[in-house]
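In the order they appear, the protein sequences are chains A and B. Going by this note's numbering, the first residue of the first sequence is number 8, and it counts up by one from there. Going by this note's numbering, the first residue of the second sequence is number 690, and it counts up by one from there. The beta-carbon is built from N, C-alpha and C at its ideal position, and this holds for glycine as well. Being a predicted model, the structure only gives us computed values, none of them experimental.
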Amino acid sequence: MNEHKHKSVPSGAVRLPLSGYEGISFLIALLGAWQIISVLPFSANYLFPGPLQTFAALRNALPELIKGTVSSFLILLPGFFLAALVGILWGLWVGVTPALHRMFSPFSRLAAPIPPTIYIPYAIALLPTFHSAAGFIVFAGAFWPIFLNTATGAASVPGHFRDNARILGLGRLEYIRRIVFPASLPHIFSGLSVSLVFSFIMLTVAELFGAQNGLGRFIQLYADYADYPKMAAGILYVGSVVFLSTAALELIRKRTLFWVR
Amino acid sequence: MTAAALEPKALVKPKLPIIADQSLQGLEVSGVHFAYSGNPVLQDISLQIKEGEFVALLGPSGSGKSTLLRLLAGLAFPQYGSISWRGQPVSGPSLERGVVFQDYSLFPWMNLSQNVELAISKAHKRSSRKWRRELAKEYLDLVGLGSQTTKYPHELSGGMRQRSAIARTLALGSPVLLMDEPFGALDPVNRSKLQDLLIEVWRDAQPRKTVVFVTHDIDEALYLADRIIVLGSNPGRIIDEIELSAETPRSHASIAGSTVFAELRSRIRKRFQEDILNHIHATSVIHSPAEGI
Chain A
8 MNEHKHKSVP SGAVRLPLSG YEGISFLIAL LGAWQIISVL PFSANYLFPG
58 PLQTFAALRN ALPELIKGTV SSFLILLPGF FLAALVGILW GLWVGVTPAL
108 HRMFSPFSRL AAPIPPTIYI PYAIALLPTF HSAAGFIVFA GAFWPIFLNT
158 ATGAASVPGH FRDNARILGL GRLEYIRRIV FPASLPHIFS GLSVSLVFSF
208 IMLTVAELFG AQNGLGRFIQ LYADYADYPK MAAGILYVGS VVFLSTAALE
258 LIRKRTLFWV R
Chain B
690 MTAAALEPKA LVKPKLPIIA DQSLQGLEVS GVHFAYSGNP VLQDISLQIK
740 EGEFVALLGP SGSGKSTLLR LLAGLAFPQY GSISWRGQPV SGPSLERGVV
790 FQDYSLFPWM NLSQNVELAI SKAHKRSSRK WRRELAKEYL DLVGLGSQTT
840 KYPHELSGGM RQRSAIARTL ALGSPVLLMD EPFGALDPVN RSKLQDLLIE
890 VWRDAQPRKT VVFVTHDIDE ALYLADRIIV LGSNPGRIID EIELSAETPR
940 SHASIAGSTV FAELRSRIRK RFQEDILNHI HATSVIHSPA EGI
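Here is the structure:
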């Protein structure tokens, strides 16, 4: 009787035959569809290379792409880490100081949505080298998500952490360093992951203006030369680099936030 | 044979030592009113807590007992009235008054040792890290967690977390211990274990600590306290006060079985019921269905 009753209870989720492998299955299906579409008579073949052609181009261009990766990361990492440093420090400070929060909040709401590409002409005009200008553009793109998330996290530290810190008589700096910063880490990491993706977008845009090499430059160059297999290979490669970078950040997040259940 | 001898686990509380310095006045609350966004939470609370005394604030939810504890801690301030400790008005949190909350006293990103070390670093400003770590181990040993010093709060049971919270507060060296339903989230077995631990720690500490213990559990108050302040609700005010003889042998069995405690229990229950009835009479007119016949 009871067993029968148990079976009639719906499990709530529909179980597909590929359960657990949906992601990889979809990618394989996508590759298959890509191959089929690329050989169809009506597709403009030269604009739309198939996967086989693209992977061949990728293998050929790999040394050039790796060189480009190094060059791109030399722009991306300083910009991103500077944005993280300034965004977290300023965000923590603003978050725990209600007067500063009120002061910066209207300005932040105005400044944050401005597309950082707007600053490109200024960056090129004011900064001495392409490298520093591109780094600044990455910084400008990465800064706001980190700053805004950190400030939100710092302003919303749960009341019981604040009470405990007050009972222990923590000084302001110690309170920020040992309580507010760790308590805001979940917010900080969501800011960092948005910023990381944004950094790559800003990097690619920045490299369109006067880069000698680099990932964005690679794609732009072969688009201009109408070498579409190489261009597609570049897109695929950049996608993988972004994917790996965000996966690395996610790994760091999980390690750091071991105490969040 | 005494009652204590019949019950092997009975905890006999020795008579309170006479406090030598009578100028020390303990905790004094006088005429305190507290309202939260216009709603009165505490009304005309006055009480004196002697040094070394174990006082329970007993009341249902809405009686403002936790709020009163926050006022004693200096985490909030009354709109009217005053609170003082040893004659000095309470103007904010102080290391003199350690607090244990229900289930969130520890910082989850620090392991047990680090949590206790943080308290020690506040109590002993110029101490070496090594010395703090050793002392933290001693305090955790005291609550039976000496082997768990590198564990993080999320790896421990609720009872272990509260043990460490007690260790942390003891490490502050505060003469006053304010406890806000510290065992409220524990299962009955762990709860009575921790009650015994608290009594043990309280009895052993020299000089004896002043404890204010907030609870809604009548038996817990009867078991632990020298004096029970019974609070009524909406707004919170003192509706009864029970002095328990310091010599009364108390054990979990005697609380459950003896007639003295049974009488006290029913007295407190009666007070709570009167309080609820008063409240109903005060706020609404009850029409009997037989009206007009």
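Please classify residue i: is it buried, with 16 or more other beta-carbons within 10 angstroms of its beta-carbon, or exposed?
| i | result |
| --- | --- |
| V949 (chain B) | exposed |
| Q777 (chain B) | exposed |
| M110 (chain A) | exposed |
| Q768 (chain B) | exposed |
| I121 (chain A) | exposed |
| T839 (chain B) | exposed |
| G246 (chain A) | exposed |
| Y3 (chain A) | Only positions 8 to 268 of chain A appear in the structure, and residue 3 (chain A) is not among them; the question remains open. |
| W774 (chain B) | buried |
| P703 (chain B) | The predicted position of P703 (chain B) is uncertain, since its pLDDT is 44 and thus under 50; no value can be drawn from it. |
| F114 (chain A) | exposed |
| W151 (chain A) | buried |
| E889 (chain B) | exposed |
| K237 (chain A) | buried |
| H843 (chain B) | exposed |
Using DSSP bridges, identify the partner residues of residue i.
| i | result |
| --- | --- |
| Y769 (chain B) | B:H722 |
| F743 (chain B) | B:V900 |
| D869 (chain B) | B:V903 |
| G925 (chain B) | B:L731 |
| R786 (chain B) | B:V865 |
Using a Cβ-Cβ cut-off of 9 angstroms, state whether residue i counts as contacting chain B.
| i | result |
| --- | --- |
| N156 (chain A) | no |
| A190 (chain A) | yes |
| F265 (chain A) | yes |
| P105 (chain A) | no |
| F225 (chain A) | no |
| N220 (chain A) | no |
| V249 (chain A) | no |
| R262 (chain A) | no |
| H194 (chain A) | no |
| G160 (chain A) | no |
| P165 (chain A) | yes |
| R179 (chain A) | no |
| R185 (chain A) | yes |
| I144 (chain A) | no |
| I259 (chain A) | no |
Among the options, which residue has its Cα nearest to the Cα of residue i?
| i | options | result |
| --- | --- | --- |
| G221 (chain A) | A:F137, A:V204, A:G57 and A:R109 | A:F137 |
| L92 (chain A) | A:F154, A:T104 and A:Y129 | A:F154 |
| R954 (chain B) | B:I969, B:L911, B:R939 and B:G720 | B:L911 |
| L886 (chain B) | B:A854, B:R775 and B:R960 | B:A854 |
| I186 (chain A) | A:P113, A:G102, A:S247 and A:A141 | A:G102 |
| S112 (chain A) | A:N156, A:G86 and A:A63 | A:N156 |
| V248 (chain A) | A:V204, A:Y182, A:R173 and A:G30 | A:V204 |
| L861 (chain B) | B:G727, B:R958, B:A914 and B:K814 | B:K814 |
| I174 (chain A) | B:K959, B:L760, B:Q737 and B:S752 | B:L760 |
| L192 (chain A) | A:T211, A:V77 and A:G160 | A:G160 |
| M849 (chain B) | B:W820, B:A724, B:K826 and B:N879 | B:N879 |
| S124 (chain A) | A:I44, A:R262, A:T211 and A:F188 | The displayed chain sequence assigns Thr, not Ser, to residue 124 (chain A). Of the listed residues, the one whose Cα sits closest to T124 (chain A) is A:T211. |
| A184 (chain A) | A:H194, A:F207 and A:W100 | Per the sequence shown, the amino acid found at residue 184 (chain A) is Arg instead of Ala. Nearest C-alpha to R184 (chain A): A:W100. |
Does any C-beta atom of chain A lie closer than 9 angstroms to the C-beta of residue i?
| i | result |
| --- | --- |
| L784 (chain B) | yes |
| D710 (chain B) | Annotation note: pLDDT 48 at D710 (chain B) (below 50); position unreliable, coordinate value reported separately. Answer no: the Cβ-Cβ gap between D710 (chain B) and chain A never drops below 9 angstroms. |
| W798 (chain B) | yes |
| Y828 (chain B) | no |
| A856 (chain B) | no |
| Y769 (chain B) | no |
| H722 (chain B) | no |
| V788 (chain B) | yes |
| G873 (chain B) | no |
| A762 (chain B) | yes |
| Y793 (chain B) | yes |
| K811 (chain B) | yes |
| G833 (chain B) | no |
| L983 (chain B) | Because residue 983 (chain B) is not part of the residues shown, which for chain B are 690 to 982, the question remains open. |
| A910 (chain B) | no |
| G781 (chain B) | yes |
| I738 (chain B) | no |
| L933 (chain B) | no |
Residues of chain D with CB closer than 9 angstroms to the CB of residue i, please, in chain order.
| i | result |
| --- | --- |
| H843 (chain B) | This model lacks chain D altogether, as its protein chains are A and B. |
Inter-stretch contact at 8 angstroms, needing at least 3 Cβ pairs: the segment 828-839 of chain B / the segment 800-813 of chain B: Taking a contact to require three or more Cβ pairs closer than 8 angstroms, the segment 828-839 of chain B and the segment 800-813 of chain B qualify as touching.
Is the segment 65-83 of chain A touching the segment 158-170 of chain A, taking contact as three or more C-beta pairs under 8 angstroms? Output reads no: the segment 158-170 of chain A does not touch the segment 65-83 of chain A.
At a cut of 8 angstroms, does the segment 196-205 of chain A reach the segment 227-246 of chain A through at least three beta carbon pairs? Segments in contact, no.
Please determine if the segment 862-869 of chain B and the segment 895-913 of chain B are in contact, where contact requires at least 3 C-beta pairs separated by less than 8 angstroms. yes
Taking one C-beta from the segment 912-924 of chain B and one from the segment 746-758 of chain B each time, how about it: are there three or more such pairs within less than 8 angstroms? yes
Does the segment 142-151 of chain A come into contact with the segment 83-92 of chain A, if we say contact requires no fewer than three beta-carbon pairs (one atom in each stretch) closer than 8 angstroms? yes
Decide if the segment 777-794 of chain B is in contact with the segment 723-733 of chain B; the criterion is three or more beta carbon pairs, one per stretch, under 8 angstroms apart. no
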